[in-house]
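Chemist: Dropping the structure in here first, questions after.
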Amino acid sequence: MPREANMGIQELQVSPTLNRHSLIEVTELTKKFDDVTAVEKICFAVYQGELFGFLGPNGAGKTTTINMLTGLARPHSGTIKIGGLECTRNPKAGQHLIGVVPDESNLYPELSGFDNLCFCASLYGMHKNERQTRARELLEAFGLREAADRKFVGYSKGMKRKLTIAAGIIHHPQILFLDEPTTGVDVASARQIRQLIAELHCAGTTIFLTTHYIEEAERLCERIAFIVKGMIVRIDTVENLLQPIQEIKAMLISISNHTDDLCGKLAAAFPHFEFKPLPPHRFALSRQRQSALVHSYDSLRTRAPKLRKPVGSGHH
Amino acid sequence: MKWWIAFWNIVLKDMRAYYLKPPNISWGLIFPVAWTGMFFIKSGSSLESILTLLPGVIAISILFGTTSMLAVTVTFEKKNRSFERLLLAPIPLELLMLAKTGGAILFGVANAFVPIILALFLTDLSQVAWIVLLPAVTLIAIVSTFLGLLIAVSVSEVFEAQTFSNFFRFPMIFLCGLFFPIDSLPALLRPLSYLLPLTYGADILHGATHGKNMLPLGLDFSIITGFCIFLFFTSLRNIHRKWIA
Numbered sequence: 001m002p003r004e005a006n007m008g009i010q011e012l013q014v015s016p017t018l019n020r021h022s023l024i025e026v027t028e029l030t031k032k033f034d035d036v037t038a039v040e041k042i043c044f045a046v047y048q049g050e051l052f053g054f055l056g057p058n059g060a061g062k063t064t065t066i067n068m069l070t071g072l073a074r075p076h077s078g079t080i081k082i083g084g085l086e087c088t089r090n091p092k093a094g095q096h097l098i099g100v101v102p103d104e105s106n107l108y109p110e111l112s113g114f115d116n117l118c119f120c121a122s123l124y125g126m127h128k129n130e131r132q133t134r135a136r137e138l139l140e141a142f143g144l145r146e147a148a149d150r151k152f153v154g155y156s157k158g159m160k161r162k163l164t165i166a167a168g169i170i171h172h173p174q175i176l177f178l179d180e181p182t183t184g185v186d187v188a189s190a191r192q193i194r195q196l197i198a199e200l201h202c203a204g205t206t207i208f209l210t211t212h213y214i215e216e217a218e219r220l221c222e223r224i225a226f227i228v229k230g231m232i233v234r235i236d237t238v239e240n241l242l243q244p245i246q247e248i249k250a251m252l253i254s255i256s257n258h259t260d261d262l263c264g265k266l267a268a269a270f271p272h273f274e275f276k277p278l279p280p281h282r283f284a285l286s287r288q289r290q291s292a293l294v295h296s297y298d299s300l301r302t303r304a305p306k307l308r309k310p311v312g313s314g315h316h
Numbered sequence: 317m318k319w320w321i322a323f324w325n326i327v328l329k330d331m332r333a334y335y336l337k338p339p340n341i342s343w344g345l346i347f348p349v350a351w352t353g354m355f356f357i358k359s360g361s362s363l364e365s366i367l368t369l370l371p372g373v374i375a376i377s378i379l380f381g382t383t384s385m386l387a388v389t390v391t392f393e394k395k396n397r398s399f400e401r402l403l404l405a406p407i408p409l410e411l412l413m414l415a416k417t418g419g420a421i422l423f424g425v426a427n428a429f430v431p432i433i434l435a436l437f438l439t440d441l442s443q444v445a446w447i448v449l450l451p452a453v454t455l456i457a458i459v460s461t462f463l464g465l466l467i468a469v470s471v472s473e474v475f476e477a478q479t480f481s482n483f484f485r486f487p488m489i490f491l492c493g494l495f496f497p498i499d500s501l502p503a504l505l506r507p508l509s510y511l512l513p514l515t516y517g518a519d520i521l522h523g524a525t526h527g528k529n530m531l532p533l534g535l536d537f538s539i540i541t542g543f544c545i546f547l548f549f550t551s552l553r554n555i556h557r558k559w560i561a
């Protein structure tokens, strides 16, 4: 098991980049479903005002972890503290501090957008005037004012996600759990949602974001925990996670026509660079004109956004 | 945290989203009317017999009205995950489930008044002990709702809830002394009658409408209250065990 998987909270808290107090503290958290261990002894802390990414493939244990943190699932063992309150056995203790945006929109299809928000606000004890003002404010901020009186069932997927996020923050939670907020929505809606998340973060909300998009986590988060098969394999700041790969600069060039000694020619022309041949039909050079037709080049760095700059049919 | 705001708004939302919808209103009206008409015609007797039929029709209207609704307000919401939103709210589960069942209880009480209002036009109800009948109607609505809740949290699909409900509801028509005295049942079935909460509710109603109850009313009220507590806390235990697993 990698060292970070067993990393205790105390060890994480001394990170030089973070000098804030933790709002979520998780120690040795384990969840089992019969014989299957969905989450195994995970430890992490999320600091006040932080946007913490929880990254992993489908089925890695991200949603199970969120469910345990929010009180929708009971841990097998381990401890959870939300806002300093012991929530392992009494999850209700910390629920007033959190807002949750699940991976699927779960508002009421028969209610309008406005009524959905007002109802969600009422669950947190907000008075009528207060919740109506807040609902209007959020509908405006999320660009849903026009659709306020339409039934939720008639919303597009992107609109549903935005309203679900609005419902998650209607009561001004200190901590917002976002479970794969951009999964299944179109590119434009995903961009808007990321913008909203960034704005919420700037406004001081502590955000726990699960995603399986590394680009999204990298773009939004301050720190990222990688969870694989129920175990956290690494937690670090985005900067530290990217450092090793940023030192390697490589470029993939796709060109037309084929020549066998392309690498040799490139190496002769650029002696300070290393050239490695890739499988056939990826690198080519015109036999007749001895010039490559470059279609595109990609940065091989894994950092997002991945570069893809079409060059067109110009000769290089 | 002002829990009453959450409680009231959950009841209000369910009333608006489910109970006050035309299909449910028509169900709430047509069903009791149909039962009243059917048993009245079947009895072939005079209008006075309405008083002996009324307890059974009231009880059955409440039973079918409430248990049908829980399949929607609980099982359906669990299925489409909107129930999670309630579980995430910082209100105790007991209060949350009381709010979720509050609408069904009110719906059940309203259902009970359909045959009562019809009977007002057909016969003299001056001998009815309303002071006994009204709490009995409320208790039957509560116990039926909690029975519906227990069924709703034991299944995962709406159709399962409906099917499972019928498993209890239809035998109750015959076993709980609604239209036929329990004494007239085969001896083997009689113990079953005493295991069903509606038996005690129907007995109170018989006592309140025409004075022919088989058990002391105090005992009936105590037993039906015991059933309410048992069904409610068993449902809560099932929610903890199955839905917050």
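Listed in order, the protein sequences are those of chains F and G. With the first letter of the first sequence counted as 1, position 278 gets the number 278 in my numbering; the numbers rise by one all the way through. So my numbering is basically just the index in the second sequence, starting at one, shifted up by 316. Just so you know, even glycine gets a beta-carbon here, dropped at the ideal spot from N, CA and C. It should be emphasised that the depicted structure is a prediction, and the values quoted were computed from it without experimental measurement.
1) Whole angstroms are fine: how far does the CA of residue 331 of chain G sit from the CA of residue 55 of chain F?
2) In this structure, how does DSSP classify residue 33 of chain F when only helix, strand and coil are distinguished?
3) So, with DSSP's three-state summary, where would you put residue 236 of chain F?
4) Helix, strand or coil for residue 38 of chain F? Go by DSSP, reduced to three states.
5) Cβ atoms of residue 67 of chain F and residue 60 of chain F: under 7 angstroms apart, would you say?
6) Looking at C-alpha atoms only, which residue of F:204, F:268, F:120 and F:105 is the closest neighbour of residue 184 of chain F?
7) Reducing DSSP to helix, strand and coil, say where residue 183 of chain F ends up.
8) Using a C-beta cutoff of 7 angstroms, does residue 410 of chain G count as contacting chain F?
9) Measuring CB to CB, does residue 178 of chain F end up less than 7 angstroms from residue 101 of chain F?
10) Please report the straight-line C-alpha distance between residue 209 of chain F and residue 51 of chain F, rounded to a whole angstrom.
11) Does the separation of the CB atoms of residue 528 of chain G and residue 125 of chain F fall below 7 angstroms?
12) For the alpha helix (DSSP H) that contains residue 563 of chain G, what are its first and last residues?
13) Can you find the residues in the same chain that come closer than 6 angstroms, C-beta to C-beta, to residue 189 of chain F, ignoring five residues on each side of it along the sequence?
14) Considering only DSSP beta bridges, list what residue 211 of chain F is partnered with.
15) Taking only the alpha-carbon atoms, compute the straight-line gap between residue 80 of chain F and residue 87 of chain F and give it to the nearest angstrom.
16) Could you name the residues of the same chain whose beta carbon sits closer than 7 angstroms to that of residue 75 of chain F, not counting the 5 residues immediately before and after it, in chain order?
17) CB residue 572 of chain G to CB residue 545 of chain G, shorter than 7 angstroms?
18) Mind pulling the alpha helix (DSSP H) runs of 4 or more residues that sit fully within the region 388-430 of chain G?
19) Along the chain, where does the beta strand (DSSP E) containing residue 100 of chain F start, and where does it finish?
20) Is it right to say residue 401 of chain G is buried, meaning 16 or more other beta carbons lie within 10 angstroms of its own, or is it exposed?
21) Starting from residue 108 of chain F, find everything on chain G with Cβ-Cβ shorter than 7 angstroms and list it in chain order.
22) From residue 349 of chain G to residue 479 of chain G, what distance separates their C-alpha atoms?
23) Could you round the C-beta distance between residue 108 of chain F and residue 333 of chain G to whole angstroms and report it? I think they count as a contact, below 8 angstroms.
24) Please specify which runs of the alpha helix (DSSP H), each continuous and at least 4 residues long, are wholly inside the region 136-188 of chain F, giving them in chain order.
25) Which partner residues does residue 203 of chain F have in the DSSP bridge list?
26) Measure from the C-beta of residue 341 of chain G to each C-beta in chain F and report whether the shortest distance is under 7 angstroms.
27) Quick check on the burial criterion: 16 or more other C-beta atoms within 10 angstroms. Buried or exposed for residue 505 of chain G?
28) What in chain G is Cβ-close to residue 71 of chain F, meaning under 8 angstroms?
29) Give a yes or no on whether the C-beta atoms belonging to residue 193 of chain F and residue 219 of chain F are separated by under 7 angstroms.
30) Who are residue 22 of chain F's beta bridge partners in DSSP?
31) Leaving out five residues on either side along the sequence, give the residues of the same chain with a beta carbon under 7 angstroms from the beta carbon of residue 512 of chain G.
32) Tell me whether the region 119-133 of chain F and the region 142-149 of chain F touch, counting them as touching only if at least three CB pairs, one residue from each stretch, are closer than 8 angstroms.
33) Please say whether residue 71 of chain F and residue 57 of chain F have beta carbons closer to each other than 7 angstroms?
34) Is residue 95 of chain F close to chain G, meaning its C-beta is less than 7 angstroms from at least one C-beta of that chain?
35) Rounded to a whole number of angstroms, what is the C-alpha to C-alpha distance between residue 346 of chain G and residue 353 of chain G?
36) Per the DSSP calculation, residue 223 of chain F is bridged to which residue(s)?
Modeler: Let's see:
1) As a position in the first sequence, residue 55 of chain F is number 55, starting the count at 1. As a position in the second sequence, residue 331 of chain G is number 15, starting the count at 1. C-alpha of residue 55 of chain F to C-alpha of residue 331 of chain G: approximately 41 angstroms in a straight line.
2) Taking the first sequence and counting its residues from 1, one reaches residue 33 of chain F at position 33. Under the three-state reduction of DSSP, residue 33 of chain F is assigned to strand.
3) As a first step, residue 236 of chain F must be located in the first sequence, where it is residue number 236. Three-state result, residue 236 of chain F: strand.
4) On the first sequence, position 38 is the one that residue 38 of chain F refers to. Strand at residue 38 of chain F.
5) Position 60 of the first sequence, counted from the start, is the residue given in the question as residue 60 of chain F. Position 67 of the first sequence, counted from the start, is the residue given in the question as residue 67 of chain F. The answer is no: Cβ separation not under 7 angstroms.
6) Along the first sequence, read from residue 1 onward, the residue named residue 184 of chain F stands at position 184. Closest by alpha carbon: F:105.
7) Taking the first residue of the first sequence as 1, we reach residue 183 of chain F at position 183. Assigned with DSSP and collapsed to three states, residue 183 of chain F falls in coil, not helix or strand.
8) As a first step, residue 410 of chain G must be located in the second sequence, where it is residue number 94. No, because no Cβ of chain F sits closer than 7 angstroms to the Cβ of residue 410 of chain G.
9) The count along the first sequence starts at 1 and reaches residue 178 of chain F at position 178. The count along the first sequence starts at 1 and reaches residue 101 of chain F at position 101. Yes.
10) As a working note, residue 209 of chain F is residue 209 in the first sequence. As a working note, residue 51 of chain F is residue 51 in the first sequence. Straight-line Cα distance between these residues: approximately 7 angstroms.
11) Counting from one through the second sequence, the residue named residue 528 of chain G turns up at place 212. Counting from one through the first sequence, the residue named residue 125 of chain F turns up at place 125. Their beta carbons are not under 7 angstroms apart, which means residue 528 of chain G does not touch residue 125 of chain F by this criterion.
12) The structure shown does not extend to residue 563 of chain G, since chain G is modelled only from 317 to 561, so the question has no answer here.
13) Taking the first sequence and counting its residues from 1, the one referred to as residue 189 of chain F is at position 189. These residues qualify, in order along the chain: 158.
14) For the purposes of this step, residue 211 of chain F is identified with residue 211 of the first sequence, where counting begins at 1. DSSP output for residue 211 of chain F lists F:55 as bridge partner(s).
15) Residue 80 of chain F sits at position 80 when you count from the first residue of the first sequence. Residue 87 of chain F sits at position 87 when you count from the first residue of the first sequence. If you take the alpha carbons of residue 80 of chain F and residue 87 of chain F, they lie about 5 angstroms apart.
16) Position 75 of the first sequence, counting from 1, holds the residue named residue 75 of chain F. Cβ within range, chain order: 29, 30, 31, 68 and 88.
17) No information on residue 572 of chain G is available, as it lies outside the stretch 317 to 561 that chain G covers here.
18) The region 388-430 of chain G contains these whole alpha helix (DSSP H) runs: 398-403.
19) To locate residue 100 of chain F, count along the first sequence from 1; it is residue 100. Start and end: 98-101.
20) Your numbering for residue 401 of chain G matches position 85 in the second sequence. Sixteen is the threshold: when 16 or more other Cβ atoms of the shown chains lie within 10 Å of the Cβ of residue 401 of chain G, as they do, the residue is buried.
21) In the first sequence, counting from the first residue as 1, residue 108 of chain F sits at position 108. Correct list: 333 and 398.
22) Here the question's residue 349 of chain G lines up with position 33 in the second sequence. Here the question's residue 479 of chain G lines up with position 163 in the second sequence. In this structure, the straight-line span from the alpha carbon of residue 349 of chain G to that of residue 479 of chain G is close to 23 angstroms.
23) Residue mapping note: residue 108 of chain F aligns to position 108 of the first sequence, counting from 1. Residue mapping note: residue 333 of chain G aligns to position 17 of the second sequence, counting from 1. Rounded, the Cβ-Cβ distance is 6 angstroms, consistent with contact.
24) Correct list: 157-169.
25) The residue given as residue 203 of chain F occupies position 203 in the first sequence. Looking at the DSSP output, residue 203 of chain F shares a beta bridge with no other residue.
26) Translated into the one-based positions of the second sequence, residue 341 of chain G becomes position 25. Not an interface residue.
27) Start at 1 with the first residue of the second sequence, and residue 505 of chain G comes out as number 189. Its Cβ having fewer than 16 others within 10 Å, residue 505 of chain G is exposed.
28) The sequence position of residue 71 of chain F within the first sequence is 71, counting from 1. Within 8 angstroms Cβ-Cβ: 403, 404 and 560.
29) Numbered from 1 along the first sequence, position 193 holds the residue referred to as residue 193 of chain F. Numbered from 1 along the first sequence, position 219 holds the residue referred to as residue 219 of chain F. In this structure, residue 219 of chain F does not lie closer than 7 angstroms to residue 193 of chain F by Cβ.
30) For the purposes of this step, residue 22 of chain F is taken as the residue at position 22 of the first sequence. Beta-bridge partners assigned by DSSP to residue 22 of chain F: F:47.
31) Counting from 1 along the second sequence, the entry for residue 512 of chain G is found at position 196. Closer than 7 angstroms at the Cβ level, and outside the excluded window around residue 512 of chain G, lie 488, 491 and 492.
32) With the cut-off at 8 angstroms, the region 119-133 of chain F and the region 142-149 of chain F do not touch.
33) To locate residue 57 of chain F, count along the first sequence from 1; it is residue 57. To locate residue 71 of chain F, count along the first sequence from 1; it is residue 71. Between residue 57 of chain F and residue 71 of chain F, the CB-CB gap reaches or exceeds 7 angstroms.
34) Position 95 of the first sequence, counted from the start, is the residue given in the question as residue 95 of chain F. It does: the Cβ of residue 95 of chain F has a partner Cβ on chain G nearer than 7 angstroms.
35) Residue 346 of chain G sits at position 30 when you count from the first residue of the second sequence. Residue 353 of chain G sits at position 37 when you count from the first residue of the second sequence. Distance between the alpha carbons of residue 346 of chain G and residue 353 of chain G: 10 angstroms.
36) Sequence index remark: in the first sequence, residue 223 of chain F carries index 223 (1-based). As computed with DSSP, residue 223 of chain F is found in a beta bridge with F:52 and F:237.
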